[in-house]
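One structure is given here, and the rest of the page talks about it.
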Amino acid sequence: MERSIECYKAALEIRTLSELPIDWAETEDNLGSAYLRRIRGDRADNLEKAIQHYQAVLQVRTHQALPQLWAQTQNNLGNTYLDRIRGDRAENIDRAITCYQGALQVYSREGTPQSWADTQMNLGNAYFSIILGDTATNIELGIQCYQGALLVYTREAHPLNWAKIQQNLGNAYRQITAGDRA
Numbered sequence: 002m003e004r005s006i007e008c009y010k011a012a013l014e015i016r017t018l019s020e021l022p023i024d025w026a027e028t029e030d031n032l033g034s035a036y037l038r039r040i041r042g043d044r045a046d047n048l049e050k051a052i053q054h055y056q057a058v059l060q061v062r063t064h065q066a067l068p069q070l071w072a073q074t075q076n077n078l079g080n081t082y083l084d085r086i087r088g089d090r091a092e093n094i095d096r097a098i099t100c101y102q103g104a105l106q107v108y109s110r111e112g113t114p115q116s117w118a119d120t121q122m123n124l125g126n127a128y129f130s131i132i133l134g135d136t137a138t139n140i141e142l143g144i145q146c147y148q149g150a151l152l153v154y155t156r157e158a159h160p161l162n163w164a165k166i167q168q169n170l171g172n173a174y175r176q177i178t179a180g181d182r183a
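Numbers 2 to 183, taken from my numbering, label the letters of the sequence shown in order.
Here you go:
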C-alpha cells in the first residue's frame, strides 16, 4: 500500500486538476482508497486523508457531469465516514447515510445492479450503526436495505454476498429480539 500511495502522489505531479481533471480525479480517488485500506500509520489519520482525497474528487466528479463516478465516490466517502474515528460518531453515521442515499439517486437495480446492491448493503450497515434515535426504526430501515440488496445478491448468482447479507440480517433480527426483552 505504501508503494501505491507513493505512485499515486507521483502521478499527481503530471495528472493535475487544471491540465487533466478527469485523470486527476481518478488518481485522487485511488489515493483515497489506498488511505482507507492503509495498515501503516495512525488509522484515524489515514481515514482523515481518505476523506480529504474523496472530497477533492467531488470537484470534478459532480452529480451533473459524471453521475456514475460521482455515485461511486459518494459510496466510498460513505464507507470512510462509517469507519471514521474522529469527530462525533452520530454525525459521521449521518454523513455516511447522506452519501449512500446520494449514490442511490444515481444507481438503479436495473441499470447498475451490483453498485446498487452494494450501496443498499452499506446503507443497511449505516442504519444498523446509528446510536441515537429510535433503535427499532433504524434496525427496520437497515433490514429493508439488506432485503433490497438480496434482490440482486441471490444465493445462486452471488453466494458470498448473499451469505454476508444473511449474516447482517441475522444480527439485525437478533438485535430486535434483544430489544424486545429489555
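Backbone N, C-alpha and C fix where the C-beta goes; we use that ideal spot for every residue, glycine too.
| Query | Result |
| --- | --- |
| Exposed unless 16 or more other CB atoms sit within 10 angstroms - verdict on residue 152 | exposed |
| Cβ pair residue 28, residue 55 closer than 8 Å | no |
| From 120, 44, 66, residue whose alpha carbon lies closest to that of residue 22 | 66 |
| Pair within 8 Å by beta-carbon distance, residue 83 and residue 45 | no |
| DSSP-derived helix/strand/coil call for residue 183 | At residue 183, the pLDDT of 45 sits below 50, so the modelled position is not reliable; the number obtained from the coordinates is stated separately. Reduced to three states, the DSSP call for residue 183 is coil. |
| Spatial neighbours of residue 166 in its chain, beta-carbon cut-off 7 Å, leaving aside the 5 residues before and after | 122, 147, 150, 151, 154 |
| Counted within 10 angstroms of its Cβ, other Cβ atoms place residue 183 as buried (16 or more) or exposed | Low confidence applies here, because residue 183 scores a pLDDT of 45, under 50, leaving its location unreliable and the question unanswered by this model. |
| Cβ neighbours of residue 10 in the same chain (closer than 8 Å, five flanking residues each side left out) | 32 |
| Reduced DSSP secondary structure (H/G/I, E/B, other) of residue 107 | helix |
| C-alpha gap between residue 105 and residue 157, whole angstroms | 24 Å |
| 6 Å Cβ shell around residue 144 - same chain, five flanking residues per side excluded | 173 |
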